[in-house]
Amino acid sequence: DAVEKGEYRHYMLKEIHEQPRAIADTLEARIAADHILPNIFGVDTETLLRQVRFVQIVACGTSYHAGLVARYWLEELAGIPCAVEVASEYRYRQTVVPPGTLFVAISQSGETADTLAAMRASRSRGHLGVFAVCNAPESSLVREADLVLMTRAGPEIGVASTKAFTTQLAALALLSLELGRINGLDDATYRRHVSELATLPRVIGETLAMEPAIAALAERFVHKQHALFLGRGTHHPVALEGALKLKEISYIHAEAYPAGELKHGPLALVDDHMPVIAVAPNNQLLEKLKSNLEEVRARGGELFVFADADTGLSLDDTRGQIINIGAGGDFIAPAVFTVPLQLLAYHVAVLRGTDVDQPRNLAKSVTVE
Ligand code: G6P
242 DAVEKGEYRH YMLKEIHEQP RAIADTLEAR IAADHILPNI FGVDTETLLR
292 QVRFVQIVAC GTSYHAGLVA RYWLEELAGI PCAVEVASEY RYRQTVVPPG
342 TLFVAISQSG ETADTLAAMR ASRSRGHLGV FAVCNAPESS LVREADLVLM
392 TRAGPEIGVA STKAFTTQLA ALALLSLELG RINGLDDATY RRHVSELATL
442 PRVIGETLAM EPAIAALAER FVHKQHALFL GRGTHHPVAL EGALKLKEIS
492 YIHAEAYPAG ELKHGPLALV DDHMPVIAVA PNNQLLEKLK SNLEEVRARG
542 GELFVFADAD TGLSLDDTRG QIINIGAGGD FIAPAVFTVP LQLLAYHVAV
592 LRGTDVDQPR NLAKSVTVE
């Protein structure tokens with residue numbers, strides 16, 4: 242056990258630090274400098290991909306959050322409408338399946354009971370086929386899917402998923418760009434995005450160097466009972482993932498909201514006991530996010546903002562902190578901004594003395610309903 246963890250105190254920390262390698266492996270032999278290589282989803286799969294008019298993503302837990310990010314990419318880059326649903330809901334309801342729907346199942350283990358049941362249900366609902374994004378080559382999901390894109394994160398031991406999530410994002414970025422290319426995404430945008438994706442391992446490597454600052458920040462959360470995470474656009478799922486990590490391993494109640502929904506409820510909870518964590522990459526929603534943050538500050542909320550270095554955000558008092566992240570571009574920013582939130586949850590949990598790798602009541606893979 243100690244040997245496998247190497248220099249790290251927990252598997253989760255080791256796996257957080259493995260992300261640059263895991264993502265590089267996931268992209269390996271799949272992209273060249275500025276384009277995706279042919280046949281990475283299997284030989285002759287382009288015929289099927291050309292028929293895709295709608296994408297239905299189904300998953301659980303952290304994998305579901307990866308699906309939520311992919312929805313933004315698929316609609317923006319490929320112009321393909323996309324729905325994302327948790328598997329335990331999808332499997333038990335009557336769904337309407339538009340013609341040309343590709344069913345995408347995302348699962349680290351490939352053995353999650355609800356995800357497998359949803360995939361099997363999809364077979365009788367008239368989909369084009371099942372596309373699996375999975376980290377376990379021998380899994381039931383991989384065996385049963387029509388198209389497979391393996392993440393190459395290597396074994397993930399910590400119950401709280403980390404490297405599986407960011408490699409899922411890399412895989413889903415490939416799918417979105419490939420469907421974009423097929424559906425008329427302009428060549429310059431396509432190449433710019435592939436090139437940006439290729440930098441992801443390096444940018445995450447740089448982000449990991451912030452660990453000491455985030456460990457210091459964690460001290461401010463040790464005695465909190467609640468936390469609110471905010472993000473907009475692709476960073477709403479990042480906020481959801483940050484909140485999930487914190488509650489899974491530190492047992493602090495955490496919620497995530499799209500920042501624009503703040504005034505429709507959660508603002509009532511904000512007082513000087515409620516830390517608010519916002520992810521603020523430098524994209525076109527920044528100005529709107531800034532006004533949401535002012536609403537929090539006006540109510541005495543303690544504000545922690547993970548912001549792209551050039552957002553120009555500033556805080557003029559001690560009730561909060563700006564943590565600058567080199568986002569490396571809007572496209573890869575969701576994966577990059579996830580990393581400090583993983584580290585924050587990890588260090589808060591360590592300070593609270595919880596069982597980081599085996600949190601109470603949770604299992605790595607939920608193979609029964
Ligand atoms: C469990 C794990 C989570 C994981 C989820 C889905 O809840 O604790 O970390 O995200 O299952 O697992 P899967 O293997 O399908 O991605």
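If you want UniProt numbering, it's the 1-based position in the sequence shown plus 241. Glycine included, each C-beta is placed from N, C-alpha and C at the ideal position.
- When only Cα atoms are considered, Ile281 and Ala590 end up about 39 Å apart.
- Here Val374 is near Leu390, since their CB atoms are less than 9 Å apart.
- Cβ-Cβ separation between Ala359 and Phe372: approximately 13 Å, too far for a contact (criterion under 8 Å).
- As a beta-bridge residue in DSSP terms, Ile518 pairs with Phe470, Phe545.
- In terms of side-chain proximity, the C-beta atom of Ser491 is found no nearer than 8 Å to any non-hydrogen atom of the ligand G6P.
- With a threshold of 8 Å, the Cβ atom of Thr303 counts as near the ligand G6P, since some heavy atom of the ligand is closer than that.
- Remark: three or more beta-carbon pairs, one from each stretch, lie closer than 8 Å, so the stretch 331-343 and the stretch 287-303 are flagged as touching.
- In this structure, the ligand G6P has no non-hydrogen atom nearer than 8 Å to the beta-carbon of Val609.
- One Cα belongs to Cys301, the other to Pro261, and the distance between them is close to 24 Å.
- Taking the CA atoms as reference points, Pro507 sits about 19 Å from Gly561.
- Taking Ala274 as reference, the option from Arg432, Pro499, Ala550 with the minimal CA-CA separation is Arg432.
- Counted as a single uninterrupted DSSP element, the alpha helix (DSSP H) harbouring Ala576 occupies residues 574-593.
- The secondary-structure analysis by DSSP pairs Met253 with nothing; it has no beta-bridge partner.
- At least one heavy atom of the ligand G6P lies closer than 8 Å to the C-beta of Gln349.
- Counting C-beta pairs closer than 8 Å gives fewer than three between the stretch 474-494 and the stretch 433-442, which falls short of the contact rule.
- Rounded to the nearest angstrom, the gap between the Cα atoms of His505 and Leu527 is 20 Å.
- Within the same chain, His306, Leu309, Val310 come within 6 Å of Pro478 by CB-CB distance, once the 5 residues on both sides are set aside.
- Distances taken from the Cβ of Thr267 to the heavy atoms of the ligand G6P include none shorter than 8 Å.
- In this structure, Thr595 sits near Tyr492, with a CB-CB distance shorter than 9 Å.
- According to the DSSP secondary-structure assignment, Thr342 is paired through a beta bridge with Phe295.
- Note that the C-beta distance between Asp285 and Ala328 is not below 9 Å.
- In this structure, Ala468 and Leu592 do not form a Cβ contact; the two beta carbons are roughly 14 Å apart against a cut-off of 8 Å.
- Contact between the stretch 415-429 and the stretch 310-325 is established, with three or more Cβ pairs separated by less than 8 Å.
- Taking a 10 Å sphere around the C-beta of Thr608, we find fewer than 16 other C-beta atoms and assign the residue as exposed.
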